[in-house]
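*Asks:* Protein chains in written order, with full-length UniProt numbering: chain A, 1 to 63; chain B, 1 to 374; chain C, 1 to 265.
Note that the Cβ used here is the ideal one computed from N, Cα and C, for glycine as well.
A quick note: this is a predicted structure, and the numbers were derived from the prediction, not measured.
Questions regarding the structure given below will be posed in turn.
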Amino acid sequence: MAGFVTSIYNSVFRKTSTFVLAGAVGVFFFERAFDMLTDGIFEHINEGKLWKDIKHKYEENDK
Amino acid sequence: MRKNNPVLSIMNHALIDMPAPLNISSWWNFGSLLGICLLTQIITGLFLAMHFSGHVILAFDNLVYMCRDVNNGWLLRTLHANGASMFFICIYLHMGRSLYFNSFVMHNTWMIGVTILLLSMATAFLGYVLPWGQMSLWGASVITNLLSTIPYVGAALVQWLWGGFAVDTPTLTRFFSLHFILPFIILALVIIHILFLHQTGSNNPLGIKSNSLKSAFHPYFTMKDLLGMVIMVFLLFFLVLWDPNKLGDPENFNPANPLNSPPHIQPEWYYLFAYAILRSIPNKLGGVLALAASVMVFYTLPLLFSKQIQSSQFYPLNKCILWTFLSVVLLLTWIGAKPVEAPYIVTGQVLTLMYFSYFMLEPWLAKKWDLLTS
Amino acid sequence: MATGARKLVLRTLGILGAGGVGLAFSLEQSLKASELELHPPKFGWSHSGLFSSLDHSAIRRGYEVYKNVCAACHSLKYVHYRDLVNVSHTEAEAKAEAAEIMVTDGPDEEGNMFQRPGRLSDSFPSPYPNEEAARYANSGALPPDLSLITLARHGGEDYVFALLTGYCDPPAGINLRDGLYYNPYFPGGAIGMAQALYNETIEYSDGTPAYASQLAKDVCVFLVWCSELHYDDRKRFLIKTLLLGPAITALVFYYYRFKWNSIFH
């Protein structure tokens, strides 16, 4: 464990350039994951009320 | 480099190496929060201005368009509107801190501060007219008409202000121009406010010289201010996303109509105390003077100061009347939202008397207390 | 001793303060009861929860009510057919709805105005060409535009629902001019709009029983959506804020304590 932390520190957090890069990449993934999580919560709370829950009733007429 | 570069060294003195008293409490956070409020307003306002049109036919429609069809326009608009409320919450708490701990003893800083308050009130009023809803138009009419009570020049002055014979397109356009420029003047004054503050150094809860108890601004106060900012921005976003129109008046979602005035004309919450004072004086000119005095009176505070120790902490009677004064301001805010009717008129008049009597009682009580305890 | 006295003072102040607030509040309440208009109760809307979205089936039904009943007198000039897409209608359905109206467009190459079927980019048609025509057709009363109505009235959708379902006979002693109707929720009581929603005024295409209260509720949800097209986005953002805000605050708070560690004892 300690070895892992040390190697992460040495390879990523020690140099400013890699640190900033790690931040930028991390933000990208965090944003995607966080959006999926919060949208999931929203859709769970409002199940049945949203357009995506009722659109199947109307879409078959399109074809 | 931060110590030698001419520009950076100024910032260094203000934000990094500046010695600050270690014992200042969270009540000293509101200055930096106000800076953030001002920047938020300037930035959101800049983007709103890109979609604004200063013509009475277009202003309301453009704002509706902006809130509906511009990406996140609704968010920008509600942030700007509620940001103004946040601004005044912080200003009033900032001033309350000054009153309690007598920070106004620093004359220069305080005088600039009251000027900033006056300009902020003017800016918020001008901004409220821009959406051109019912309350915009009628609020602007009521407030600008106050000038007509000035003898001899009043009527001419109002027409000059309007750029015509009614609140109309010329008024809207000039209000927009002024609303755009004033924040930058406020920003300049804020810098002077901080310059004066750093000449004397911050006050602190004990009200004594604190040179032995100081630390560098960074990282201690940068971190403390950052914490305050995070909390305030969180609260602002919560308000905006929970109920963005909580503090607004529904009447302003009706387009301005010069032929039909709304049943109750009242300003936003942050003006209500002054509005209540205005309405509690039966004479019109007297009311206007009282309105002006209700804010201007803060200019007198440093002149009235007579305490031997610089903080109300050690003056129980002054503490008592200060809390009474703050309650009176809250009650005036409540009265300002009420119609001019039987129980409210007298209540408002009594509260107005109490409001102004604070400024007379304060130095007198302090003197008596100093006599008693010396 | 000193702290005891201080506590006593604080306690007295607290009790006085609470008493003052209570007094102000009760004054406020008692005076409300003496006003002449009825304030709407708070209804339990399915969208009024902290994280609750609008009910999109209700928006769709409310659109039917608006189109078949309200649209006869009320415009909805800030709402476009494109706004319906993926909210209550599919793109094809919204196009079909738009195509039902005729829009004056032009000028064409010869400089003449012409009529064409509506497109998605068109806003909802107004029933009257101008304000004067609207007033003339409604014995002097102007039917307000409904685009922002739930924001523009005290009480919002509660008020609109109470108004739509609150018609009753005027109490004794109140005489109404011809063309006015009695509604206790309307400021002043005399309203130019007749009761519009009765049981089965229209029939819903999804088979929901069309009681008057159902019609009123659905059209209110539709109007909330019209006033705040971004209602659901706002709720999504609120969830994000409430998750992220405290987390960042906790992080900064930790770092702040960490930096101040040498000073705190």
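According to DSSP, residue 402(B) sits in a beta bridge with which residue or residues?
*Replies:* Residue 402(B) lies beyond the residue range present for chain B, which begins at 1 and ends at 374; the question has no answer from this structure.
*Asks:* Could you list the residues in the segment 55–85 of chain B with a C-beta less than 7 Å from some C-beta on chain C, going in chain order?
*Replies:* 64, 68 and 74
*Asks:* Using a Cβ-Cβ cut-off of less than 9 Å, list which residues of the segment 41–60 of chain C approach chain A; keep chain order.
*Replies:* 46, 47, 49, 51, 52, 53, 54, 55, 56, 57, 58, 59 and 60
*Asks:* Does residue 33(B) have its Cβ less than 8 Å from a Cβ in chain C?
*Replies:* False, the Cβ-Cβ gap to chain C never drops below 8 Å.
*Asks:* Would you tell me roughly how many angstroms separate the C-alpha atoms of residue 43(A) and residue 57(A), rounded to the nearest one?
*Replies:* 18 Å
*Asks:* In the DSSP assignment, what residue or residues form a beta bridge with residue 268(C)?
*Replies:* The question about residue 268(C) has no answer here: the residues shown for chain C are numbered 1 through 265.
*Asks:* Run the CB neighbour count on residue 334(B), radius 10 Å, all protein chains shown included, and call it buried at 16 or more, exposed below.
*Replies:* Buried: at least 16 other Cβ atoms inside 10 Å.
*Asks:* What is the DSSP secondary structure of residue 256(B), counted as helix, strand or coil?
*Replies:* coil
*Asks:* Quick one: what does DSSP say residue 141(C) is sitting in, helix, strand or coil?
*Replies:* coil
*Asks:* Just mark residue 9(A) as buried or exposed, buried being the case when its beta carbon has 16 or more other beta carbons within 10 Å.
*Replies:* exposed
*Asks:* My assumption, with CB atoms under 8 Å, is that residue 124(C) sits in contact with residue 79(C). Please give the rounded CB distance.
*Replies:* At roughly 5 Å, the Cβ-Cβ gap stays under 8 Å, so residue 124(C) and residue 79(C) are in contact.
*Asks:* Establish whether the CB of residue 13(A) and some CB of chain C are separated by less than 8 Å.
*Replies:* no
*Asks:* Using a Cβ cut-off of 8 Å (strictly closer), state whether residue 361(B) contacts chain D.
*Replies:* The displayed structure is made up of protein chains A, B and C, and chain D is not among them.
*Asks:* Is the shortest distance between the beta-carbon of residue 252(C) and the beta-carbons of chain B less than 8 Å?
*Replies:* yes
*Asks:* Residue 202(C) by DSSP, collapsed to three states: which one?
*Replies:* Under the three-state reduction of DSSP output, residue 202(C) falls in the coil class, being neither helix nor strand.
*Asks:* Skipping 5 residues on each side, what residues in its chain have a beta carbon closer than 8 Å to that of residue 184(C)?
*Replies:* 37, 38, 166 and 168
*Asks:* Measuring alpha carbon to alpha carbon, tell me which of 230(C), 112(C) and 81(C) ends up nearest residue 98(C).
*Replies:* Comparing Cα-Cα distances from residue 98(C) to each of 230(C), 112(C) and 81(C), the minimum goes to 81(C).
*Asks:* Looking at the structure shown, is residue 85(C) part of a helix, part of a strand, or coil, going by DSSP?
*Replies:* strand
*Asks:* Show which residues of chain A have a CB atom less than 7 Å away from the CB atom of residue 243(C).
*Replies:* By Cβ distance, chain A contributes 38.
*Asks:* Decide if residue 343(B) is buried, meaning its Cβ has at least 16 other Cβ atoms within 10 Å, or exposed.
*Replies:* Flag for residue 343(B) reads exposed.
*Asks:* Name the chain C residues whose beta carbon is nearer than 9 Å to that of residue 152(B)?
*Replies:* Within 9 Å Cβ-Cβ: nothing; residue 152(B) doesn't reach chain C, min ~41 Å.
*Asks:* Mind reading off the beta-carbon distance from residue 152(C) to residue 221(B)? Whole number of angstroms is fine, and I expect it under 8 Å.
*Replies:* In fact, because the Cβ distance is near 45 Å, the residues do not count as touching under 8 Å.
*Asks:* Please name the residues in the segment 132–154 of chain C whose beta-carbon is closer than 7 Å to at least one beta-carbon of chain B, in chain order.
*Replies:* 148, 151, 152, 153 and 154
*Asks:* Could you name the residues that DSSP lists as bridge partners for residue 190(C)?
*Replies:* 182(C)
*Asks:* Between which residues of its own chain and residue 22(A) is the CB-CB distance below 6 Å, once the five residues before and five after are set aside?
*Replies:* 12
*Asks:* What would DSSP say about residue 83(B), mapped onto helix, strand or coil?
*Replies:* helix
*Asks:* Rounded to whole angstroms, how far is the Cβ of residue 288(B) from the Cβ of residue 117(B), which I believe are closer than 8 Å?
*Replies:* No, residue 288(B) and residue 117(B) are not in contact; Cβ-Cβ is about 18 Å, not under 8 Å.
*Asks:* Taking Cβ positions, are residue 101(C) and residue 223(C) nearer each other than 8 Å?
*Replies:* no
*Asks:* Can you tell me the Cα-Cα spacing of residue 281(B) and residue 373(B), whole angstroms?
*Replies:* 39 Å
*Asks:* What are the boundary residues of the alpha helix (DSSP H) that residue 219(C) is part of?
*Replies:* 212–227
*Asks:* Going by beta carbon distance, what residues of the same chain come within less than 8 Å of residue 33(C), once the five residues before and after it are set aside?
*Replies:* Note that residue 33(C) scores 47 on pLDDT, short of 50, meaning its location in the model is unreliable; the coordinates nonetheless yield the value given after this. Within the same chain, residue 33(C) has no close Cβ partners at all.
*Asks:* Name, please, each residue of chain C whose Cβ falls closer than 7 Å to the Cβ of residue 59(A).
*Replies:* 90
*Asks:* Find the residues of chain C that neighbour residue 402(B), judging by a C-beta separation of less than 8 Å, and give them in chain order.
*Replies:* Here chain B has residues from 1 to 374 only, and residue 402(B) is not among them.
*Asks:* Using the C-alpha atoms, what's the distance from residue 219(B) back to residue 356(B)?
*Replies:* The alpha-carbon atoms of residue 356(B) and residue 219(B) are separated by roughly 42 Å.
*Asks:* Output yes or no for whether 8 Å exceeds the beta carbon distance between residue 160(C) and residue 226(C).
*Replies:* no
*Asks:* Taking its Cβ as the centre, do 16 or more other Cβ atoms sit within 10 Å of residue 264(B), making it buried, or is it exposed?
*Replies:* exposed
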